[in-house]
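Visitor:
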Amino acid sequence: MIHLGVNIDHVATVRQARLTDEPDPVEAAFLAMAGGAHGITIHLRGDRRHIQERDVRLLRETVRGSVNLEMALAEDIIDLALAIRPHAVCLVPENRAELTTEGGLDLSRDPAGLAAAIARLRAVGILVSLFINPNPEDVRQAVTLGADAVELHTGTWANALADVHAMTGTQAAVDTAMDRLQEAADTAAVAGIRLHAGHGLRYDNVGGVLHLPLLRELNIGHSIIARAMMVGMQQAVRDMVDLINPCH
Ligand code: PXP
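Residue numbers (the numbering used here): 160 to 407.
1. I need the DSSP call for Ser288, collapsed to helix, strand or coil.
2. Whose CA, out of Ile384, Arg281, Met392, lies closest to the CA of Ala193?
3. On a CA-only basis, which of Cys249, Asn294, Gly262, Ile291 is nearest Ala276? Give me that one, please.
4. My guess is that His358 and Thr313 are in contact by the Cβ rule of under 8 Å, so how many angstroms apart are they, rounded?
5. Out of curiosity, what's the CA-to-CA distance linking Leu190 and Leu232?
6. Where Ala385 and Glu376 are concerned, what is the direct C-alpha to C-alpha distance, given to the nearest angstrom?
7. Run through the DSSP bridge pairs and tell me what His202 is partnered with.
8. Quick one: measure Cβ to Cβ for Leu369 and Ile161, integer angstroms, because I've assumed they're closer than 8 Å.
9. Under 8 Å: do the stretch 296-305 and the stretch 347-358 share three or more Cβ pairs, one atom per stretch?
10. Using the DSSP secondary-structure output, state which residues sit across from Glu376 in a beta bridge.
11. Contact between the stretch 326-333 and the stretch 269-283: three or more CB pairs below 8 Å?
12. Closer than 6 Å: is that where the CB of Thr315 sits relative to any heavy atom of the ligand PXP?
13. Under 7 Å Cβ to Cβ from Glu253, same chain only, skipping five residues before and after it: list those, please.
14. Which whole-angstrom value describes the C-beta separation of Val226 and Arg219, a residue pair presumed to lie in contact below a C-beta threshold of 8 Å?
15. To test your reading of the DSSP string, which unbroken alpha helix (DSSP H) runs of 4 or more residues are found completely within the stretch 260-319?
16. Give the single residue among Glu257, Leu264, Leu320, Ala242 whose Cα lies nearest to the Cα of Ala282.
17. Taking all protein chains shown into account, do 16 or more other C-beta atoms lie within 10 angstroms of the C-beta of Pro293, making it buried, or fewer, making it exposed?
18. Give me the residue from Glu186, Asp214, Thr260, Tyr362 with the minimum Cα distance to Ile291.
19. Using a Cβ cut-off of 7 Å (strictly closer), state whether Ala274 contacts chain D.
20. Report whether the distance from the Cβ of Asn378 to the nearest heavy atom of the ligand PXP is below 6 Å.
Structure below.
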């Protein structure tokens, strides 16, 4: 069974648009779990544009499933993770001007800092994954750094597919992006590191990544929250669970 982590950042985005107390990500998480999610994913950004520390604390206390905290390699957020102890942490790059996480981590930038952070988080029992661009070298480097899992960035593939549908791109670009995902997934399978994937996945494209070998977890946010606005959170999550695990 492939686990679905529902990223509820954009529930908090709506709340922060008015700096008020609704909608509450805690309530959204409860409904997502009722819809069949295996866990909740949140990104505590340095600029606190959506998820707040209060959300992380309350979600850790209330979610009956795993809480996966996405965060940059920043000392204050690592300390917070060590104190709150989510079940999993996904280390991601962060860039203040970006609309969303734009690429995988640059693993060559501060390997010692990464390895130290991974070791500190793992020492208290947190599962650590690294959000990486899909290539074999980065998978192997993630193993060397001591990570438990890699989350492959599916955004390039998803964007290439969207470009084909918009008639502005080519199938060759889609195939190249999928070859990269496949190669990275094969490398992860051989290396024995857990495989997660996410970014840009939607109801109309998620079927295209399910064949990746030993895929354990998908983290999906924007598309589920967008559908939840139309049909409700529980139904939106149920629809995605049915797509990724049709025989569950
Ligand atoms: N995985 C990671 C590491 C992310 O940073 C994000 C976006 O916050 C997602 C998955 C979910 O991406 P999307 O909102 O495009 O589904």
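Even glycine gets a Cβ: it sits at the ideal position worked out from N, Cα and C.
All figures in this text were calculated on a predicted structure; none of them were measured in a lab.
Guide: Reading off the structure:
1. Strand at Ser288.
2. If we check each option's Cα against that of Ala193, Met392 comes out closest.
3. The closest CA to that of Ala276, considering only Cys249, Asn294, Gly262, Ile291, is found on Cys249.
4. Indeed they touch by this definition, with Cβ atoms about 5 Å apart.
5. Each residue's CA atom was taken as its position, placing Leu190 and Leu232 some 30 Å apart.
6. If you draw a straight line from the Cα of Ala385 to the Cα of Glu376, it is about 21 Å long.
7. Looking at the DSSP output, His202 shares a beta bridge with Glu229.
8. Right, their Cβ atoms sit about 7 Å apart.
9. Of all C-beta pairs linking the stretch 296-305 to the stretch 347-358, three or more are shorter than 8 Å, placing the two stretches in contact.
10. Answer is His162, His355.
11. Using a Cβ-Cβ distance cut-off of 8 Å, the stretch 326-333 and the stretch 269-283 are not in contact, since fewer than three pairs of beta carbons, one from each stretch, lie closer than that value.
12. Between the ligand PXP and Thr315, a heavy atom-to-CB distance of less than 6 Å is absent.
13. So the qualifying residues of the chain are Arg204, Gly205, Ala231.
14. Rounded, the Cβ-Cβ distance is 5 Å, consistent with contact.
15. Positions of the alpha helix (DSSP H) runs, each at least 4 residues long and wholly inside the stretch 260-319, are given as 270-282, 295-304 in order along the chain.
16. The shortest C-alpha separation from Ala282 is found at Ala242.
17. So Pro293 counts as buried.
18. When the alpha-carbon of Ile291 is set against those of Glu186, Asp214, Thr260, Tyr362, the nearest one is in Thr260.
19. Note that chain D does not occur in the displayed structure, where there is just one protein chain.
20. Because some heavy atom of the ligand PXP lies under 6 Å away, the Cβ of Asn378 counts as near it: yes.
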